[in-house]
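Colleague: I'd like to ask you about the structure that follows.
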Amino acid sequence: MQDDFPSNLKLLCSYYKSIADVCRRLDINRSQFNRYLSGRSRPSANMLMKLCDFFGVEKHEILLPYSQFERLVKVRPKRLEADAPDHPLWPHLQQLAQWSANHNLDRYLGYYFEYYQSMACPGKILRTLVCIEKQGEQVVYQRTERLQESPSDKVFHGKYLGTVHYLTDRIFMADYESLTGHEITQTILFPSFKNRISRLTGLKLGVSGSGERMPCCARVVYEYLGLEVDVLNALSLCGLYNQDSDAIDDSVRHSIHNDVGMYEWHFRARP
Numbered sequence: 004m005q006d007d008f009p010s011n012l013k014l015l016c017s018y019y020k021s022i023a024d025v026c027r028r029l030d031i032n033r034s035q036f037n038r039y040l041s042g043r044s045r046p047s048a049n050m051l052m053k054l055c056d057f058f059g060v061e062k063h064e065i066l067l068p069y070s071q072f073e074r075l076v077k078v079r080p081k082r083l084e085a086d087a088p089d090h091p092l093w094p095h096l097q098q099l100a101q102w103s104a105n106h107n108l109d110r111y112l113g114y115y116f117e118y119y120q121s122m123a124c125p126g127k128i129l130r131t132l133v134c135i136e137k138q139g140e141q142v143v144y145q146r147t148e149r150l151q152e153s154p155s156d157k158v159f160h161g162k163y164l165g166t167v168h169y170l171t172d173r174i175f176m177a178d179y180e181s182l183t184g185h186e187i188t189q190t191i192l193f194p195s196f197k198n199r200i201s202r203l204t205g206l207k208l209g210v211s212g213s214g215e216r217m218p219c220c221a222r223v224v225y226e227y228l229g230l231e232v233d234v235l236n237a238l239s240l241c242g243l244y245n246q247d248s249d250a251i252d253d254s255v256r257h258s259i260h261n262d263v264g265m266y267e268w269h270f271r272a273r274p
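Count along the sequence shown from 1, then add 3; that gives the number in this note's numbering.
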């Protein structure tokens with residue numbers, strides 16, 4: 004591979020807002036990409052093809068001497084800029100990411116059981132599995148529901164995908180139901196100030212999955228499971244539970260009780 008490859012790669016990256024933006028779009032580790040830019044490491048054949056497809060150049064072109072490659076790129080800049088985001092929401096999403104970057108969310112990565120009073124099946128407690136992970140510079144999560152109203156009913160799975168932001172002293176999570184596209188939910192959690200995360204509490208806002216699609220708000224508990232879990236086993240423990248089920252810890256049951264105090268004028272989360 005020509006020694007000009009790192010310089011050619013830097014030139015291609017200059018058409019984007021930042022190296023972090025490129026890594027996020029490519030879904031590639033930032034430190035690994037930096038090794039390509041510095042010349043300390045060479046991409047594999049598959050990775051080289053991925054880079055070429057992303058930037059819209061041919062394999063033989065990206066290996067050209069820099070002066071040649073620069074002239075080639077300049078005659079077709081629009082092709083390189085075509086993938087740049089021009090949606091009016093993009094600056095706002097970037098601003099949120101920038102504010103959130105001031106706080107380290109790494110300690111919150113991993114798997115959680117989520118508990119709240121089911122919106123689709125009132126009177127039941129719903130336990131779901133949540134995985135918070137880092138993709139490039141962005142912290143994202145997947146929330147998986149497993150619903151079976153009775154033993155004779157078919158098991159229904161819902162998969163929600165979303166992003167996590169830490170703004171000032173609260174954790175904000177927003178997701179959408181990826182299989183049907185019928186719902187967006189928002190969750191706001193209190194962060195943990197302990198050395199070890201055990202539980203996070205807050206509020207969840209969404210709509211019931213029943214035909215009425217009633218907007219609902221419920222208290223929620225996130226119970227930390229660890230960075231790695233047996234996902235199939237964890238999912239088998241998810242589902243609907245009776246209010247007095249022995250599978251639900253009393254402290255969790257108390258934390259997700261949706262009562263309103265005499266002098267509470269709003270439905271409030273409780274730390």
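Quick reminder that beta carbons are idealized off the backbone N, C-alpha and C, glycines included.
Can you list, in chain order, the stretches of the alpha helix (DSSP H) that have 4 or more residues and sit fully within the region 4-59?
Modeller: 8-16, 22-29, 33-41, 48-58
Colleague: Is there contact here, the region 239-256 with the region 147-158, by at least three beta-carbon pairs under 8 Å?
Modeller: yes
Colleague: Who are the Cβ neighbours of S21 in its own chain at under 7 Å, not counting the five residues just before and after it?
Modeller: none
Colleague: With three or more C-beta pairs closer than 8 Å as the rule, is the region 113-132 touching the region 252-266?
Modeller: Yes, since at least three Cβ pairs between the region 252-266 and the region 113-132 fall closer than 8 Å, the two stretches touch.
Colleague: Does the contact criterion of 3 or more C-beta pairs under 8 Å hold for the region 211-228 versus the region 254-264?
Modeller: yes
Colleague: By alpha-carbon positions, which one of E73, V142, L132 ends up nearest to N107?
Modeller: V142
Colleague: Give me the Cα-Cα distance between Y266 and P274, rounded to the nearest whole angstrom.
Modeller: Going by C-alpha positions, Y266 is about 17 Å away from P274.
Colleague: Less than 8 Å separating the beta-carbons of F57 and N11?
Modeller: no
Colleague: Rounded to the nearest angstrom, how far is the Cβ of G59 from that of P9, given a contact under 8 Å?
Modeller: About 19 Å; that fails the 8 Å criterion.
Colleague: Please confirm whether any heavy atom of the ligand SAH lies closer than 7 Å to the CB of P46.
Modeller: Ligands displayed in this structure: none; no statement on the ligand SAH is therefore possible.
Colleague: Q246 by DSSP, collapsed to three states: which one?
Modeller: coil
Colleague: So which of C55, K13, Y18 has the shortest CA-CA distance to Y39?
Modeller: K13
Colleague: Determine the closest residue to G126 out of N261, V210, L15, R271, with distance taken between C-alpha atoms.
Modeller: N261
Colleague: Got a sec? Which residues, its chain only, sit under 6 Å from R130 by beta carbon, not counting five neighbours each side?
Modeller: Within the same chain, and ignoring the five residues on either side of R130 in sequence, the residues whose Cβ sits closer than 6 Å to its Cβ are F116, Y118, C241.
Colleague: Are there 16 or more other CB atoms within 10 angstroms of the CB of G165, so buried, or fewer, so exposed?
Modeller: Buried, by the Cβ-count rule.
Colleague: Just curious, the beta strand (DSSP E) that D178 is in, first and last residue?
Modeller: 173-180
Colleague: Along the alpha helix (DSSP H) that carries A237, what are the first and last residues, could you check?
Modeller: DSSP places A237 inside the alpha helix (DSSP H), whose first and last residues are 234-239.
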